[in-house]
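A.B. asks: After the structure tokens below, expect a handful of questions from me.
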Amino acid sequence: MNKKSIAASAIIGGVLIFVIKIYAWVISDSVALLSDALESIVNILASVMMFISVWISARPPDESHRYGHQKIENISCFIEGFLVIIAGILIGRAAYGRLFNPVMLVELDFAILISLFATSLNGALSWLLMRTASETHSMA
109 MNKKSIAASA IIGGVLIFVI KIYAWVISDS VALLSDALES IVNILASVMM
159 FISVWISARP PDESHRYGHQ KIENISCFIE GFLVIIAGIL IGRAAYGRLF
209 NPVMLVELDF AILISLFATS LNGALSWLLM RTASETHSMA
């Protein structure tokens, strides 16, 4: 598979994982599972940026970019780091609110099983992305 098809697979896989994690959060009302779903949003946005940066970096050198467009992948990684910080702030805010207004969690066993399934999918997707990045010497 080439970098573009891997990036597209990451977007589709990320959306599937997000839907599964949101379902786990909805049935349990757990802030921990909400934070897991927010992390998936970051992964989806990162995958979209990766797809765009791979598309741009494949362009040949031109007048304004004599050495090519590969550095766009570094910018994509920087933006992903920024998104992780924003997600962390949102998760901290939700957790702080629950600290002073706790609620009874429901269907937690089932929600955890669903979350573990999503985590295993995420692990498989991460392995595929890391292998492709290593093979193509790509930061994205």
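Position 89, counted from 1, in the sequence shown is what this note's numbering calls 197; the numbers after and before it change by one each time, with no gaps. Cβ atoms here follow ideal geometry from the backbone N, Cα and C, with glycine treated the same way. All values reported here derive from a predicted model rather than from experimental measurement.
1) Please list the segments of the alpha helix (DSSP H) lying wholly inside the stretch 130 to 197, counting only runs of 4 or more residues, in order along the chain.
2) Pull up the distance between the alpha-carbon of Trp163 and that of Ile135, whole angstroms please.
3) Kindly list the residues whose CB is nearer than 7 Å to the CB of Met158, restricted to its own chain and excluding five residues on each side of it in sequence; keep chain order.
4) Report the three-state DSSP secondary structure of Asn110 (helix, strand or coil).
5) Within 8 Å, do at least three Cβ pairs link the stretch 169 to 185 to the stretch 129 to 148?
6) Could you check whether the stretch 227 to 236 touches the stretch 119 to 129, counting it as contact only if at least three pairs of C-beta atoms, one from each stretch, sit closer than 8 Å?
7) Should Val150 go down as buried or exposed, given a rule of 16 or more other Cβ atoms within 10 Å for buried?
8) When the Cα atoms are used, what is the spatial distance from Ile128 to Tyr175?
C.D. replies: In short, the structure shows the following:
1) 139 to 165
2) 38 Å
3) Ala115, Ala118, Ser184 and Ala248
4) coil
5) no
6) yes
7) buried
8) 42 Å
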